[in-house]
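Numbered according to our numbering, the sequence shown spans residues 1112 to 1269.
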Amino acid sequence: MTTYTGGCQCGAVRFRATGDLKDSSICHCRMCQKAFGAYYAPLVSVRNVEFKWTRGEPKRFQSSSVVKRGFCPECGTPLTYEAPDGIAVAAGAFDDPAALPPTIQWGVERKIDFVDSLHTLPAVATEDDLTQVDYLANLVSYQHPDHDTENWPPENRQ
């Protein structure tokens, strides 16, 4: 049985899902766009698998009469879509989101036209952007690493 882990950007909320995660989707509805602050919401259903919060728990916002949205109370990372039929977790919150490719798109009536052509935009690797060399040389990441940790945040974090 496969185990997947993940959490928010700051590490205050972490989770574990054990089982076969097959239901990965992208939702284009306006409510998901707003909840994620993005053009669409990539989600992975954890229905029918063992799911557990291993550090902290999300704060929740009732976004409709039937759906709650979970997010980290410390850093605000969007984490869940919670409906009567189950919970879906933000795909990007998993430590290895590439292992969970989407299999369907929902809410396509609100899909933003240019989403299908994003892959045609110029692409620049972060380290190849010479205008950002000085900025990047001094950058210190406080983001939680993509794996479980015993203690977080580290004591020397500012």
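Where a beta carbon is used, it is the ideal one built from N, C-alpha and C, also for glycine.
Just so we're clear, the structure is a prediction, and the values are computed from it rather than from any experiment.
Taking the alpha carbon of Cys1140 as the reference point, which residue from Thr1231, Ser1174 and Ala1128 has its own alpha carbon closest?
Checked all of Thr1231, Ser1174 and Ala1128; the closest Cα to Cys1140 is Ser1174.
Please determine whether the Cβ atom of His1258 lies at a distance below 6 Å from any heavy atom of the ligand ZN.
This structure simply doesn't include the ligand ZN, nor any ligand for that matter.
Pairwise C-alpha distance: Trp1263 and Leu1154:
Their backbone Cα atoms lie some 25 Å apart in a straight line.
Cross-strand partners of Trp1063 (DSSP beta bridge):
This structure cannot speak to residue 1063, because the chain is shown only from 1112 to 1269.
Bridge partner(s) assigned by DSSP for Cys1138
Ala1152 and Trp1217, per the DSSP bridge assignment.
Looking at Arg1127: is its Cβ nearer than 7 Å to the Cβ of Thr1113?
Cβ atoms of Arg1127 and Thr1113: not closer than 7 Å.
Could you check what DSSP says for Pro1189 in three-state terms: helix, strand or coil?
Correct three-state label for Pro1189: strand.
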